[in-house]
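Before any comments, here is the structure.
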Amino acid sequence: DSGVTQTPKHLITATGQRVTLRCSPRSGDLSVYWYQQSLDQGLQFLIQYYNGEERAKGNILERFSAQQFPDLHSELNLSSLELGDSALYFCASSVAGQSSYNEQFFGPGTRLTVL
Amino acid sequence: AQSVAQPEDQVNVAEGNPLTVKCTYSVSGNPYLFWYVQYPNRGLQFLLKYITGDNLVKGSYGFEAEFNKSQTSFHLKKPSALVSDSALYFCAVDTGFQKLVFGTGTRLLVSP
Numbered sequence: 001d002s003g004v005t006q007t008p009k010h011l012i013t014a015t016g017q018r019v020t021l022r023c024s025p026r027s028g029d030l031s032v033y034w035y036q037q038s039l040d041q042g043l044q045f046l047i048q049y050y051n052g053e054e055r056a057k058g059n060i061l062e063r064f065s066a067q068q069f070p071d072l073h074s075e076l077n078l079s080s081l082e083l084g085d086s087a088l089y090f091c092a093s094s095v096a097g098q099s100s101y102n103e104q105f106f107g108p109g110t111r112l113t114v115l
Numbered sequence: 001a002q003s004v005a006q007p008e009d010q011v012n013v014a015e016g017n018p019l020t021v022k023c024t025y026s027v028s029g030n031p032y033l034f035w036y037v038q039y040p041n042r043g044l045q046f047l048l049k050y051i052t053g054d055n056l057v058k059g060s061y062g063f064e065a066e067f068n069k070s071q072t073s074f075h076l077k078k079p080s081a082l083v084s085d086s087a088l089y090f091c092a093v094d095t096g097f098q099k100l101v102f103g104t105g106t107r108l109l110v111s112p
């Protein structure tokens with residue numbers, strides 16, 4: 001158990017809908033990262049937050065947004081969903097935001113299925 | 001652009017034999033390299049990292065990795081494979097601010 005929790009585990013929804021994925025980082029970790037894992041795109045970095053502020057952005061679509069709250073949990077919002085958004089979404093956390101030395105600890109993921 | 005490549009989709013090895021999972025990198029500046037493992041229906045687990053120092057890095061579960069600057073490689077190794085090592089292995093490079101770029105993954109299958 002990494003100490004990172006994600007809810008829900010599974011989510012099934014329809015095209016055009018909006019969903020919210022939730023992540024609670026390990027105790028003491030200030031950074032939260034979101035990743036998307038799909039068969040055709042592999043594992044891709046979406047976005048990073050550090051202590052409530054956006055720190056780095058990856059291949060995140062404009063239909064997607066995220067935030068990190070004062071208690072450090074984070075939410076990833078996916079809107080106007082398309083079939084191609086079906087994937088496993090991982091959250092990870094780490095201690096620091098700027099050092100490249102720290103490993104990330106991954107949650108179990110949320111499997112999103114868009115029908 | 002910073003990237004890593006895992007040239008093998010799958011590696012098959014018999015239990016008890018040594019295993020190697022290959023990774024090559026392309027970075028400008030100092031490479032910060034990582035190996036993660038993903039078991040079925042689980043998130044990724046950190047195995048080991050190379051930041052600086054010794055070229056042989058030891059990690060979790062008996063795994064180690066050899067950093068080779070001249071060959072731009074960071075191969076994952078284990079002297080004696082276990083059936084329980086069967087999983088999906090990812091090499092990754094930190095491109096700054098802990099933004100990880102992952103390879104495509106290598107499936108390791110250890111047969112009894």
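From first to last, the protein sequence lines are chains A and B. Numbered per the working numbering, the first sequence finishes at 115, counting up by one with no gaps. Numbered per the working numbering, the second sequence finishes at 112, counting up by one with no gaps. Glycine included, each C-beta is placed from N, C-alpha and C at the ideal position.
When rounded, the separation of the alpha-carbon atoms in B/G62 and A/E62 is 42 Å.
Going by C-alpha positions, B/K22 is about 11 Å away from B/R107. Sequence-distant partners of A/T20 (beyond 5 residues in either direction) whose C-beta falls short of 6 Å from its own C-beta, in its chain, are E75 and N77.
When the alpha-carbon of B/S26 is set against those of B/G103, B/L56 and B/T52, the nearest one is in B/G103.
Pairing B/A1 with B/S28, the inter-Cα distance amounts to about 8 Å. Around the CB of A/I12, fewer than 16 other CB atoms lie within 10 Å, so the residue is classed as exposed. Straight through space, the alpha carbons of A/V32 and A/S93 are spaced by roughly 4 Å.
When CB distances to chain B are screened at a threshold of 7 Å, the residues of the region 29 to 44 of chain A falling below it are S31, G42 and L43, in chain order. Taking 8 Å as the upper bound for CB-CB distance, A/Q104 and B/L100 are in contact here, some 7 Å apart.
Looking from the CA of A/E82, the closest CA among A/G16, A/S2, A/R26 and A/K9 belongs to A/G16. In this structure, A/S2 sits away from A/R18, with a CB-CB distance that is not shorter than 8 Å. For the region 64 to 94 of chain B, the residues whose beta carbon sits under 9 Å from a beta carbon of chain A are, in order, F90, A92 and D94.
Contact with chain B is absent for A/P70, since none of that chain's Cβ atoms lies less than 8 Å from the residue's Cβ. The C-beta of B/K22 comes no closer than 8 Å to any C-beta of chain A. The C-beta of A/P108 comes closer than 8 Å to at least one C-beta of chain B. The three-state reading of DSSP puts B/S84 in helix, counting H, G and I together. Taking 8 Å as the threshold, the shortest C-beta distance from A/S24 to chain B does not fall below it.
Think of a sphere of 9 Å around the beta carbon of B/Q2: no beta carbon from chain A falls inside it, the nearest being about 11 Å out. Under a criterion of Cβ atoms nearer than 7 Å, the residues of chain B adjacent to A/E103 are, in order, F34, F46 and K49. A/Q37 is positioned such that its CB atom lies no closer than 8 Å to that of A/L46.
Residues S2, V4, F90 and A92 of the same chain have their beta carbon placed closer than 7 Å to that of A/F106, with the five preceding and five following residues left out of the count. Sequence-distant Cβ neighbours of B/L56 in its own chain, meaning closer than 8 Å and more than five residues away, are E64, A65, E66 and F67.
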